[in-house]
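Chain order of the listed sequences is D and X. Per the working numbering: the first sequence = residues 405 to 518. Per the working numbering: the second sequence = residues 79 to 190. Positions of the beta carbon are idealized from the N, C-alpha and C atoms, including for glycine. A quick write-up on the structure given underneath.
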Amino acid sequence: NAGVTQTPKFQVLKTGQSMTLQCAQDMNHNSMYWYRQDPGMGLRLIYYSASEGTTDKGEVPNGYNVSRLNKREFSLRLESAAPSQTSVYFCASSEQVRSGNTIYFGEGSWLTVV
Amino acid sequence: QKEVEQNSGPLSVPEGAIASLNCTYSDRGSQSFFWYRQYSGKSPELIMFIYSNGDKEDGRFTAQLNKASQYVSLLIRDSQPSDSATYLCAVKSDSGYSTLTFGKGTMLLVSP
């Protein structure tokens with residue numbers, strides 16, 4: 405039972421390079437999310453997709469783009485990486501239920517921009 | 079802006095003691111509350127959720143919710159060294175579709 409799978413797990417980029425973080429979930433969830441986690445800052449929402457075909461900005465969307473490729477897959481793209489984007493990135497998914505929104509996380513992607 | 083506040087810790091307790099983790103939130107419209115545990119270098123995992131005022135127990139864990147005071151807590155009874163982790167409080171409002179807002183987490187250290 406894979407749950408939420410993200411790739412790559414580790415990546416080093418040079419400033420200005422671009423890359424895409426891939427995420428797939430096998431739980432048939434409607435909603436998917438990208439968070440970043442930095443020391444002392446907690447988990448901050450970058451973008452989310454409430455359902456297939458929709459995407460919305462979260463708290464810290466600048467410098468990122470996303471694509472909800474289908475119900476299973478949600479990718480995060482850094483067009484021109486900056487050192488401030490050094491972080492741990494978590495993809496997550498959830499059912500869109502009325503009274504709860506329990507989120508399940510992938511294992512994380514450690515990104516360093518030099 | 080919705081805010082979720084937690085003491086960053088570390089909270090240090092001896093093995094076998096009760097650990098009490100606290101969380102306050104700013105959005106009075108919040109309806110669902112979650113506690114996640116995150117081990118160092120790992121992803122957050124759900125421990126418990128609570129919707130109604132009062133206590134909810136699950137094994138050694140008890141979540142307590144007081145909506146009037148905008149306060150939610152997590153009690154861990156008979157703390158074990160394996161409970162040493164960062165505990166994240168997360169809050170969701172029910173005003174249409176909304177995502178979870180996370181606190182910055184409290185680090186718990188349980189000493190043998």
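Whole angstroms is fine: what's the gap from residue i's alpha carbon to residue j's?
i	j	result
Phe-509/D	Thr-177/X	14 Å
Glu-477/D	Gly-94/X	43 Å
Asn-474/D	Gly-457/D	8 Å
Val-416/D	Pro-465/D	21 Å
Pro-92/X	Ile-154/X	12 Å
Arg-502/D	Gly-87/X	With a pLDDT of only 49 at Arg-502/D, under the threshold of 50, the placement of this residue in the model should not be trusted, and no figure is reported.
Ser-108/X	Arg-472/D	28 Å
Ala-141/X	Met-126/X	7 Å
Asn-144/X	Gly-132/X	7 Å
Val-517/D	Tyr-114/X	28 Å
Cys-495/D	Phe-180/X	15 Å
Arg-138/X	Gly-420/D	49 Å
Glu-499/D	Gly-446/D	23 Å
Lys-120/X	Val-169/X	21 Å
Cys-101/X	Val-188/X	20 Å
Arg-440/D	Val-408/D	16 Å
Gln-489/D	Lys-418/D	11 Å
Val-82/X	Gly-183/X	10 Å
Ser-162/X	Gln-84/X	16 Å
Under a three-way DSSP split, which group does residue i fall into?
i	result
Pro-92/X	strand
Asp-430/D	coil
Gln-489/D	helix
Phe-127/X	strand
Asp-161/X	helix
Ser-151/X	strand
Arg-138/X	coil
Glu-83/X	strand
Val-518/D	coil
Thr-177/X	coil
Glu-477/D	strand
Ser-471/D	strand
Asp-156/X	coil
Thr-424/D	strand
Gly-462/D	coil
Ser-484/D	coil
Determine whether the beta carbon atoms of residue i and residue j lie at a separation below 8 Å.
i	j	result
Lys-80/X	Ser-104/X	yes
Ser-479/D	Val-470/D	yes
Tyr-129/X	Ser-151/X	no
Leu-186/X	Leu-89/X	yes
Arg-481/D	Ser-435/D	no
Gly-462/D	Leu-449/D	yes
Asn-452/D	Asp-460/D	Note that residue 452/D corresponds to Tyr in the displayed sequence, not to Asn. The answer is yes: Cβ separation under 8 Å.
Ser-513/D	Gln-410/D	yes
Arg-106/X	Gln-148/X	yes
Along the beta strand (DSSP E) that carries residue i, what are the first and last residues, could you check?
i	result
Asp-442/D	435 to 442
Ala-454/D	Unbroken run through Ala-454/D: none, as it is neither H nor E.
Tyr-117/X	Here Tyr-117/X belongs to no beta strand (DSSP E), and DSSP marks it neither H nor E.
Leu-417/D	414 to 417
Gln-410/D	408 to 411
Ser-189/X	184 to 189
Thr-506/D	Taken as a continuous stretch (DSSP letters only), Thr-506/D belongs to no beta strand (DSSP E), as it is neither H nor E.
Ser-104/X	Per DSSP, Ser-104/X belongs to no beta strand (DSSP E) and is neither H nor E.
With 8 Å set as the bound, which would you pick, yes or no: does the beta-carbon of residue i sit closer than that to a beta-carbon of chain C?
i	result
Gly-462/D	In the structure shown, chain C does not exist; the protein chains are D and X.
Any residues in the region 152 to 170 of chain X with a beta carbon nearer than 9 Å to a beta carbon of chain D? Which ones, in chain order? Taking 9 Å as the Cβ-Cβ cut-off against chain D, the residues of the region 152 to 170 of chain X that qualify are Leu-166, Ala-168, Lys-170.
Residues of the region 114 to 126 of chain X with Cβ closer than 7 Å to any Cβ of chain D, in chain order: Listed in chain order, the positions of the region 114 to 126 of chain X with a beta carbon within less than 7 Å of a beta carbon of chain D are Ser-121, Pro-122, Leu-124.
Using a Cβ cut-off of 9 Å, which residues of the region 443 to 454 of chain D contact any Cβ in chain X, in chain order? Flagged, chain order: Gly-444, Met-445, Gly-446, Leu-447, Arg-448, Leu-449, Tyr-452, Ala-454.
Please list, in chain order, the residues of the region 125 to 148 of chain X that have any C-beta partner in chain D closer than 8 Å. Hits within the stretch, in order: Phe-127, Tyr-129.
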